[in-house]
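Peer 1: In the numbering used here, the protein residues as written are 1 to 83.
Just so it is clear, CB atoms sit at the ideal spot from N, CA and C, and this is done for glycine as well.
Starting off with a structure, shown below.
Shown next as structure tokens:
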């Protein structure tokens, strides 16, 4: 049985304008990725260094990064191009 890519179609990807939500999601994903890289390489948690030990702020930041990842996946599946 041949593999069928669910993202490919005969239609070209739809062009949607880049919105403020797109930029916000991109920045949050970038910050979250850089934070994970800093933690993996140097053992430094940049979010804790920036926000302190405020548990609510940390949970809010990481929750927003997770929501941004979901938004980015859905947008990529819908439009055929990444954030």
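1. Quick check: residue 72 and residue 64, are their CB atoms within less than 7 Å of each other?
2. Whose CA, out of 34, 39, 76 and 47, lies closest to the CA of residue 61?
3. Mapping the DSSP letters down to three states, classify residue 27 as helix, strand or coil.
4. Quick test of your reading: residue 35 and residue 45, contact by CB under 8 Å. State the CB separation rounded to the nearest angstrom.
5. For residue 53, which residues from the same chain have a beta carbon less than 8 Å from its beta carbon, with the 5 sequence-adjacent residues on both sides left out?
Peer 2: In short:
1. Not a contact, by the Cβ cut-off of 7 Å.
2. 47
3. helix
4. 7 Å
5. none
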